[in-house]
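**Student:**
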Amino acid sequence: MKTSFSSDVKRELCAVPADRLCCCSAELYGAFLFSQLWNAAQLRLVTTHPDVPGRLDALLVKRFGFTFDGSESAGHALRVIRGEAKLNAIFHAYGLERRPGLSIHLNHAALEGDCCRAAFCRGVFLSGGSMTDPEKKYHLELVTPHRHLTRELLPILHEHGFEPRPVTRGAIHALLFQSSETIEDFLTFTGAPLSSLALMQVKQLKDLRNQVNRHVNCDTGNMERTLTASARQMERFERLRGSPAWDTLPVPLQTAVAMRLENPDASLTELAGMLGIGRSALNHRLRKLERELEAES
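All residue numbers for the sequence shown refer to this note's numbering, where the first residue is 3 and numbers rise by one.
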């Protein structure tokens, strides 16, 4: 079964080696912050992607030595942490205070280097990211129910050359990437270079199709203009042959006009061959006569 482009991106991100403990911690931090719910009482992540739960489970074991309390529900993979000791360990690891009613904020001190920031953004996308099929449009977004998290994430993205557009849709807040080049760079930055390459290929094919369509439209337009001009010329010549002015035309012109009317689909080269004259000479005669008819009308 064909999967979505967004799903393929997450599958590639889930295959990134989790070797460095600092990056495991940073990736989990991004996933936690952009999860469905994180407060003093519980941490809840929901995903429809089959690879994400296993990825986060493995990272959690490597970083903290314990797993989620998990269950499957209505096609969505649910991962929950409610245990006191587990929550305390997570809050302490990210330098956050655990108390009821306290909003969870991004602690930049928890992200040590560029590798950790890339891992953090990978976790953000795995938890709160999605991407539209690039065949339709270029659109990647990072979504959270918390406005302050989009504001706090922006400096990290700006530091690495990304300038997404913040938007609000009801209770949902998002950062939008709508440039194909920026999305390609973001995918590479977070660890999905193959998806970035696939996006480039899609863009190249779309550009090629657009170029072909422009040429076809241009050729069609030229053909339509030629046919219109030809029909107009034939109409004028028909009126001329039925008018008194016909008898005043020189015989070579009468012959050329008659030949054109009798062979409407013939090219100028073919008509010239029938008349035993050069193509340019025939073209000159017919155009001169048409200009004279235009001036009289």
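Note that beta-carbon positions come from the ideal geometry of N, C-alpha and C, so glycine has one too.
Return yes when the Cβ of L189 is within less than 8 angstroms of the Cβ of S197, no when it is not.
**Tutor:** Contact: yes.
**Student:** May I ask you to report which of helix, strand or coil DSSP gives D249?
**Tutor:** Three-state DSSP puts D249 in a helix.
**Student:** Cα separation between H148 and I174?
**Tutor:** About 7 angstroms.
**Student:** Classify I92 as helix, strand or coil using the three-state DSSP reduction.
**Tutor:** Helix.
**Student:** Any idea what DSSP makes of I174, helix, strand or coil?
**Tutor:** Strand.
**Student:** Can you give, in chain order, each stretch of the beta strand (DSSP E) that sits fully within the region 124 to 190 and has at least 3 residues?
**Tutor:** If we require 3 residues or more, the beta strand (DSSP E) runs fully inside the region 124 to 190 come out as 131 to 133, 142 to 146, 167 to 171, 174 to 179.
**Student:** From I65 to C24, what distance separates their C-alpha atoms?
**Tutor:** Checking the sequence shown, residue 65 turns out to be Arg, not Ile. Approximately 8 angstroms between the Cα atoms of the pair.
**Student:** By Cβ distance, which residues of its chain are closer than 7 angstroms to F7, with the 5 residues on each side in sequence left out?
**Tutor:** Result list for F7: M133, D135, P136, in chain order.
**Student:** Near F93, which residues of its chain fall below 6 angstroms by C-beta distance, leaving aside the five closest residues on each side in sequence?
**Tutor:** Once the five neighbours on either side are set aside, the close Cβ partners of F93 are R100.
**Student:** Over the uninterrupted alpha helix (DSSP H) stretch that includes T69, give me the two end residues.
**Tutor:** Neither: T69 is in no alpha helix (DSSP H) and is coded neither H nor E.
**Student:** Helix, strand or coil: which one does DSSP assign to A20?
**Tutor:** Of the three classes helix, strand and coil, the one that applies to A20 here is coil, per DSSP.
**Student:** DSSP three-state call for R100: helix, strand or coil?
**Tutor:** If DSSP states are grouped into helix, strand and coil, R100 belongs with coil.
**Student:** Measuring straight from C-alpha to C-alpha, what distance separates D332 and G115?
**Tutor:** Not covered by the structure: residue 332. The range shown for the chain is 3 to 299.
**Student:** Pick helix, strand or coil for L47, following the three-state DSSP scheme.
**Tutor:** L47 falls in the strand class under three-state DSSP.
**Student:** Check R84 in the structure and name its three-state DSSP category.
**Tutor:** In the structure shown, R84 sits in coil (DSSP, three-state: anything other than H, G, I, E or B).
**Student:** Which one or two residues does DSSP pair with L39 in a beta bridge?
**Tutor:** Answer is R46, bridged to L39.
**Student:** Are three or more beta carbon pairs between the region 104 to 123 and the region 141 to 161 nearer than 8 angstroms?
**Tutor:** They touch, by the three-pair rule.
**Student:** Have a look at V253 and C220 and give me their C-alpha separation to the nearest angstrom.
**Tutor:** Between V253 and C220, the C-alpha separation is close to 39 angstroms.
**Student:** Short of 8 angstroms in beta carbon distance, which residues of its chain neighbour R40, apart from the five on each side in sequence? Order them along the chain.
**Tutor:** Per the sequence presented here, residue 40 reads as Trp, with Arg not at that position. F34, R46, I106.
**Student:** How many angstroms separate the CA atom of A91 from the CA atom of P55?
**Tutor:** Cα-Cα distance, rounded: 20 angstroms.
**Student:** What is the rounded straight-line gap between the Cα of V82 and the Cα of A42?
**Tutor:** Cα to Cα, the separation comes out at about 13 angstroms.
**Student:** Just the Cα atoms here: how many angstroms apart are P2 and L201?
**Tutor:** No answer is possible for residue 2: it lies beyond the span of the chain, which begins at 3 and ends at 299.
**Student:** Compute the beta-carbon to beta-carbon distance between L288 and A258, rounded to the nearest angstrom, for a pair I have assumed lies under 8 angstroms.
**Tutor:** 6 angstroms between Cβ atoms; contact.
**Student:** Let's see if you can read the secondary structure: which residues bound the alpha helix (DSSP H) around L273?
**Tutor:** Residues 270 to 277.
**Student:** Thinking C-alpha only, which one of L242, L270, P195, S129 is nearest T50?
**Tutor:** Nearest C-alpha to T50: S129.
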